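Visitor: Here it is, the structure in full.
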Amino acid sequence: MRIISSFLCPVLCVSLAAVAADEKPGVIPEKLAGLFAAQGKDGKPTITPEQRTYFDGLNDRLKALLIKTVEAEVITRPEHLGTILALGLRPQKMEILLQDNCILCHTDPEVQKPETLLTLSPAPGKTPSHLNLQDFVDDVHFLRGLSCAGCHGGDPGSDKLEHSFVKEWPSAGRDKDRGWILSFCARCHSDSTFMNRFNPALPTDQLAKYKDSPHGKFLLEARDARAPDCLSCHGVHGIRSAKNPLSKVYRKRVPETCGACHSDAKRMAGLTLSDGSPMPTNQLAEYRASVHGRALLERGDLGAPACNNCHGNHAAMPIGLSSVSQSCSLCHAGNASLFDGSKHKQAFEEHKWPQCAKCHGNHVIAKTHDSMLAAGQESLCNKCHQQYAKDNPECNATATYFYTSLAQMDQVWNEFGVTADRLAMKGLDVDPIHDKLNELADSLKQARSHIHSFSKNDFQRAADPGEKAVLGISRLVEEAKAEYRFRQLGLVTTIALMGLVMLALYVKLRRLER
Amino acid sequence: MSDSGHGQGWLGWLDRRYQITPLIEFLRHKEVPKGPHSMVWYYLGGMTMFFFLVQVVTGVLLLMYYQPGEATAYESIRYLTTKVPFGWLMRSVHCWSAHLMIISLVTHMFSTMMLKAYRPPRELTWVTGYILFALTLGFGFSGYLLPWNKLAFFATSVGTDLVKSVPLIGNWLLQVLRGGPDVTANTLYRFFALHVVILPLAFVSLIGVHLLFVQRQGMAPPLGAKVAPRGMRFFPSFALRDLLLWLVCFMVLLVLAVFVPYGPGIPGMDWELGQKADPLAPAFPGIKPEWYFLWEYQLLKEFPPHLFGLEGPQLCLLVVSLLLGIWAIIPWLDRQAQREQPSPGFSDFGWGAILFLTFLTLKAWDIGAMEPATSGSSLKVISRTCAWWTIGAGAVIIGIRWLLHRHRWFVFTGAALLHVVLHGWLGLPYLVAGVIAAVLAAVGIAMIFLRTAERRVNPGGSR
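From first to last, the protein sequence lines stand for chains A and B. Position in the first sequence (from 1) plus 61 gives the number in my numbering. Position in the second sequence (from 1) plus 74 gives the number in my numbering.
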């Protein structure tokens, strides 16, 4: 008994101590308790159970900060407290928010007018869209501790609740000439030492590139209010990393962001391209219908290019290219290299034709098909050569040769693919056929690429393995069919023999029972 | 030494050494009863055994190439079916024979049930047959995993997960079954051991007992045969007929194996090898077990996650165990058959069970599904379509029994059809419809009992 009690006593003491510790949450002061207990006109508590649960889950430091805020009467109304808790911020963000008097004051609906109120439910037509509180706390700058004062100035820790702006913030005419925005953002984004503290991987040459771009010249030299600035693409509050799907510059959203201006005929009115032709407004529609647009926007393939992959981000075009028409080579390097080594390279340069775009188009790049090479009116080769190289019949003959070879291989690949599936359903081993079909598919892809060399020899070198594979497939399919015939014959023979045995048994049975 | 006079032939040689005369005499005089019903039911047991023998032979041949193991199981089956001469035929025959064996076994069991062949003194024959049926399902379940392909892997994961619902020892049982918390190579090894050693030993032993009972007691004569029925000599008349049927079965098996090598392609009856199992890959939707487990799979889906303080699968397991328990002790429940009197209630119970299983199986096959099959409207259409088919089948069964066999006992079939109507047509939840049908069936049975008791007390009373 003594042993048991000597064992149980410490256990009991430890348990009681643990329970006592659990029951020692921070005492909620009267003011905060009053806010939690407040009821709306409908008799329901203003602070929802979810908001209360969120508060209960906060660590002691955050609870103390919130209590301090309430005690200092920065938060005095339950609706105001509800707005803060409803954000459900993780501790790091909540700490920033609770120490920022700018946000705390601008989220109080009793103090602020709709046009200065940061709110989760903006009043339609009254609250500007950039004052969405959720966007604000999701902003990439807020995440790194840069809040209102980072751009607008002032002391967020001061209790005086007064406004003071940084010197770069224009006191008036901010919307008239928006060129100031560039230098405003560049204060930090062009400062590599400063940026290194937050995101060392982020370049700091955006402003330099932008100044050199048509957009930059349009804004800074022509002083045209239609020209885009940083905020046009990145937004105001609620700026997110380009990797965030909600960002305006996330790859899938880039076409929509660019199209907001470039599809607007009114906005583009009077603008011209470098060749003097009017600025088109159908790029977005064409892009959406293109192979690239469908890959990115319909299939969600983030490897597919958006506007900025060819036209550049802040600069006019991607680094290292002298013309947008060369941007295809960034992805289609093999085809570009073959083209560069072909006779067409020189001819295109003489005519000052864009390289790939001449045959494939720029924004409306459709899926290629072998008939582009075929003789006839649809043939791309024919169309040009009738006009520019009438005296060289060899060119059309080469195109026809390409077409004939590709069409034959494609036909075999399709037909034998179906045959292989049928044979597989019959229980035959079609793995060797599939191996050969894969060889054929590889060769077909290579051969299609090698038409950009415009050389029969180069093309044939790529097509040779495919033509060998075709012979191999034909042989394997015949073997598989012969094996199936053998199975059927074997079955018929077996059944015939068994039938004879059964007949003999039946006759024997009848004799025995007679 | 026997002096029955088998002479100097090989029988005489054997008889002098092993005294086989009594055995020969037994075979010579053994008879199979001939009754008013069709003889075809007597051949089903033999047919099932034939398919089992095919399983043994093809299984042994497959065993010569099969290598259990995570890195070898799938590859060896692939090699067997693509490179080994006639390996494809062995696998195809093995798979087809497995399914045909279950079809023939189920038919054998239901025919025994309908003809009341389980009545005394053959109760233990029924029980051994019942255990043989369970072992056959075990063969199917364990063999399914052996190719170690994607479908088998996930179906086994889902299937074994059910044992967790067994009270108290569920988790332990799961560990034992899988050889760990998850389906791994350990599961494959123990399923292999089950499939090729443990189950065959148990099965062969039990078949021995089952056949011994049949031999000792003879085949069950028709119910109520007061005089000894006419007999057919077992040897050679019945045995040769058996052999002829076996040859027909073998022919069918070969034709199916050559022309439909991977099964008819319906869910639960398809054994194309497909892709190798990948334990790290996410489970894909629409994993379904073999067709003979589909009813239970569907029944599990009909149960809510929690009910009456129990988990849905636990309750489902309880209901299934109860039904299977009743099925096992039918010979002792059926008092009328014990008195050699017709027991239409138990026949009706058998038909009700068939309709119950049919509806669930059809539902599991998503008969009548629209795209997407899992949408609420599609599930309603599936229930309605399956209800139509089940009611159609039920009408045919009732019609035949009523008009041809003059049966008047339709409480269980009626309850099964009412259940289907309430759920499939009127849209009541499956369990609610089931409870209503069960309560009405209980009331119906109580009324029948009361009326019967009244008649006994007052045989000449007014109708």
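In this text, a Cβ means the ideal position worked out from N, Cα and C, and glycines have one as well. For clarity, every value in this text was computed on a predicted model and none was experimentally measured.
Between which residues of its own chain and residue 211(A) is the CB-CB distance below 7 angstroms, once the five residues before and five after are set aside?
Guide: Excluding sequence neighbours, residue 211(A) sits near 202.
Visitor: Extract the residue ranges of the alpha helix (DSSP H) inside the stretch 465-515 of chain A, only unbroken runs of 4 or more that lie entirely within it.
Guide: Whole alpha helix (DSSP H) segments, 4+ residues: 492-511.
Visitor: Taking 8 angstroms as the CB-CB cut-off, is residue 127(B) touching chain A?
Guide: Not closer than 8 angstroms to any Cβ of chain A, the Cβ of residue 127(B) fails to qualify, so no.
Visitor: Does DSSP put residue 175(B) in a helix, in a strand, or in coil?
Guide: Residue 175(B) falls in the helix class under three-state DSSP.
Visitor: Evaluate the contact criterion for the stretch 355-364 of chain B versus the stretch 223-236 of chain B: three or more CB pairs, one atom per stretch, below 8 angstroms.
Guide: Enough Cβ pairs lie closer than 8 angstroms, so yes.
Visitor: Just reading off the beta strand (DSSP E) that residue 559(A) is part of, what are its end residues?
Guide: Element bounds for residue 559(A): not the beta strand (DSSP E) but the alpha helix (DSSP H), 517-574.
Visitor: Taking 7 angstroms as the limit between beta carbons, can you name the residues of its chain near residue 253(A), skipping five residues before and five after?
Guide: Same-chain partners within the cutoff: 265.
Visitor: What does residue 324(B) reach in chain A if we use C-beta pairs closer than 8 angstroms?
Guide: The answer, in chain order, is 559.
Visitor: Provide the residue span of the beta strand (DSSP E) that contains residue 107(B), from first to last.
Guide: First-last of the beta strand (DSSP E) with residue 107(B): 105-108.
Visitor: For residue 571(A), which of 254(B), 124(B), 318(B) and 268(B) has the nearest alpha-carbon?
Guide: For residue 571(A), the nearest C-alpha among the options comes from 318(B).
Visitor: Beta carbons nearer than 7 angstroms to chain A: which residues of the stretch 153-183 of chain B have them?
Guide: The stretch 153-183 of chain B vs chain A, Cβ under 7 angstroms: 156, 162 and 166.
Visitor: When the cut-off is 8 angstroms and only beta carbons count, does residue 548(A) lie next to chain B?
Guide: Residue 548(A) counts as touching chain B.
Visitor: With three or more beta-carbon pairs closer than 8 angstroms as the criterion, would you say the stretch 433-443 of chain B touches the stretch 411-420 of chain B?
Guide: They do not touch, by the three-pair rule.
Visitor: Which residues in chain A have a C-beta closer than 9 angstroms to the C-beta of residue 311(B)? List them in chain order.
Guide: What residue 311(B) touches in chain A: 570, 573 and 574.
Visitor: Compute the Euclidean distance between the alpha carbons of residue 543(B) and residue 517(B), then round it to the nearest angstrom.
Guide: Residue 543(B) is absent from the structure shown; chain B starts at 75 and stops at 537.
Visitor: Answer with buried or exposed for residue 230(B), where buried requires no fewer than 16 other C-beta atoms within 10 angstroms of its C-beta.
Guide: So residue 230(B) ends up on the buried side.
Visitor: To which residues of the same chain is residue 160(A) closer than 8 angstroms at the C-beta, ignoring the five residues directly before and after it?
Guide: These residues qualify, in order along the chain: 126, 217 and 218.
Visitor: Establish whether the CB of residue 566(A) and some CB of chain B are separated by less than 8 angstroms.
Guide: Chain B, which has a Cβ nearer than 8 angstroms to the Cβ of residue 566(A), makes this yes.
Visitor: Classify residue 460(A) as buried or exposed, calling it buried when 16 or more other Cβ atoms lie within 10 Å of its own Cβ.
Guide: Looking at its Cβ environment, which holds 16 or more other Cβ atoms inside 10 Å, residue 460(A) is buried.
Visitor: Give the residues of chain B in contact with residue 555(A), contact being defined as C-beta atoms less than 7 angstroms apart.
Guide: By Cβ distance, chain B contributes 328.
Visitor: With C-beta atoms as the reference, is residue 309(A) less than 8 angstroms away from residue 294(A)?
Guide: Yes, Cβ-Cβ distance for residue 309(A) and residue 294(A) is below 8 angstroms.
Visitor: Can you round the beta-carbon distance between residue 552(A) and residue 332(B) to whole angstroms, since I take them to be within the 8 angstroms contact cut?
Guide: Between residue 332(B) and residue 552(A) the Cβ distance is about 5 angstroms, and since that is below 8 angstroms, they are a contact.
Visitor: Where are the alpha helix (DSSP H) runs, 4 residues long or more, that stay fully inside the stretch 343-400 of chain B, in chain order?
Guide: List check, alpha helix (DSSP H) in window: 368-376.
Visitor: Whose C-beta lies closer than 6 angstroms to the C-beta of residue 258(B) among residues of the same chain, with five residues either side of it excluded?
Guide: Excluding positions up to five away in sequence, the list is empty.
Visitor: By the 8 angstroms beta-carbon criterion, what residues does the stretch 375-398 of chain B contribute toward chain A?
Guide: Listed by position, the residues of the stretch 375-398 of chain B near chain A (Cβ gap below 8 angstroms) amount to none.
Visitor: Which same chain residues end up closer than 6 angstroms to residue 515(B) when comparing Cβ atoms and leaving out the 5 residues on each side of it in sequence?
Guide: Contacts found: 485 and 489.
Visitor: Return no unless some Cβ of chain A is closer than 8 angstroms to the Cβ of residue 503(B).
Guide: Residue 503(B) does not count as touching chain A.
Visitor: Looking only at DSSP bridge pairs, what is residue 168(A) linked to?
Guide: For residue 168(A), which the question treats as bridged, DSSP gives no partner whatsoever.
Visitor: Output needed for residue 463(B): all residues of its chain with C-beta closer than 7 angstroms, excluding positions within five of it in sequence on either side, in chain order.
Guide: Same-chain partners within the cutoff: 436 and 441.
Visitor: Mind checking who residue 305(B) pairs with in its DSSP beta bridge?
Guide: In DSSP, residue 305(B) forms a bridge with 107(B).
Visitor: Taking buried to mean at least 16 other C-beta atoms within 10 Å of its own C-beta, is residue 84(A) buried or exposed?
Guide: Reliability of the predicted coordinates at residue 84(A) is poor, the pLDDT of 39 falling under 50, and the value obtained from them is presented with this limitation in mind. Classification of residue 84(A): exposed, given that the 10 Å Cβ count is below 16.
Visitor: Quick one: list the residues of chain A neighbouring residue 46(B), beta-carbon separation under 7 angstroms, in chain order.
Guide: The structure shown has nothing for residue 46(B), since chain B only spans 75 to 537.
Visitor: Does any CB atom of chain B fall closer than 8 angstroms to the CB of residue 552(A)?
Guide: Chain B contact via Cβ: present.
Visitor: Name the chain B residues that come within less than 8 angstroms of residue 563(A), Cβ to Cβ?
Guide: The contacting residues are 318, 321 and 322.
Visitor: Could you say if the stretch 471-486 of chain A and the stretch 531-540 of chain A meet the contact criterion of at least three C-beta pairs nearer than 8 angstroms?
Guide: Judged by Cβ distances under 8 angstroms, the stretch 471-486 of chain A makes contact with the stretch 531-540 of chain A, as three or more pairs qualify.
Visitor: Pick from 515(A), 569(A) and 489(A): whose alpha carbon is nearest that of residue 542(A)?
Guide: Closest by alpha carbon: 489(A).
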